[in-house]
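Participant: Position 132 (the sequence shown) corresponds to 132 in the UniProt record's numbering; numbering is contiguous.
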Amino acid sequence: MIPDDLDPVTASYHRCMYGEGFLDTFYDTFLDGAPDIQEKFRNTDFTHQKLMLRESLLLMIMYSLGQTQVRDELVQLAKRHDRNHVDIPPTMYERWLESLCVAVGKHDPEFSPEMEQQWRAAMQPGIDLMVSYY
Numbered sequence: 001m002i003p004d005d006l007d008p009v010t011a012s013y014h015r016c017m018y019g020e021g022f023l024d025t026f027y028d029t030f031l032d033g034a035p036d037i038q039e040k041f042r043n044t045d046f047t048h049q050k051l052m053l054r055e056s057l058l059l060m061i062m063y064s065l066g067q068t069q070v071r072d073e074l075v076q077l078a079k080r081h082d083r084n085h086v087d088i089p090p091t092m093y094e095r096w097l098e099s100l101c102v103a104v105g106k107h108d109p110e111f112s113p114e115m116e117q118q119w120r121a122a123m124q125p126g127i128d129l130m131v132s133y134y
């Protein structure tokens, strides 16, 4: 059961994680028809990658809620994704966010256009931080 006092995006996150296949839907959408992104994930252990995404989404939600204690973890994540490491260019974050919204739309039974905008607003501060370290 999801507590009633959660912000809408955190509650949506838990609804998505409660069901089956959310992370698979995200990666299927993210990789579909994008050879440049597929190449980045060619040798990826997706079991581990899905755990990392699960944690990263929570960090980004917490960061958007003003919980600044997670900033250092996000900075470390940003540094791993910078041009000198896994080299995720800023343009890929647009597709990442689109894919996330598609996955949320398919897995959150309470999804709505308003919820999509809330997700986008919640992810943007973390995306901006990631891009700033590129």
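We put the beta carbon where it would ideally sit given N, CA and C, even for glycine.
Between the segment 5-19 and the segment 52-66, can you find at least three pairs of beta-carbon atoms closer than 8 Å?
Facilitator: Enough Cβ pairs lie closer than 8 Å, so yes.
Participant: Can you grab the Cα-Cα spacing for the pair Glu-73 / Leu-129, in whole Å?
Facilitator: 11 Å
Participant: Going by the CB atoms, is the gap between Tyr-134 and Asp-82 shorter than 9 Å?
Facilitator: yes
Participant: Pick helix, strand or coil for Ser-64, following the three-state DSSP scheme.
Facilitator: helix
Participant: Using 9 Å as the threshold, is the C-beta distance between residue 181 and Pro-8 below it?
Facilitator: Nothing in the structure corresponds to residue 181, since the chain is present only between 1 and 134.
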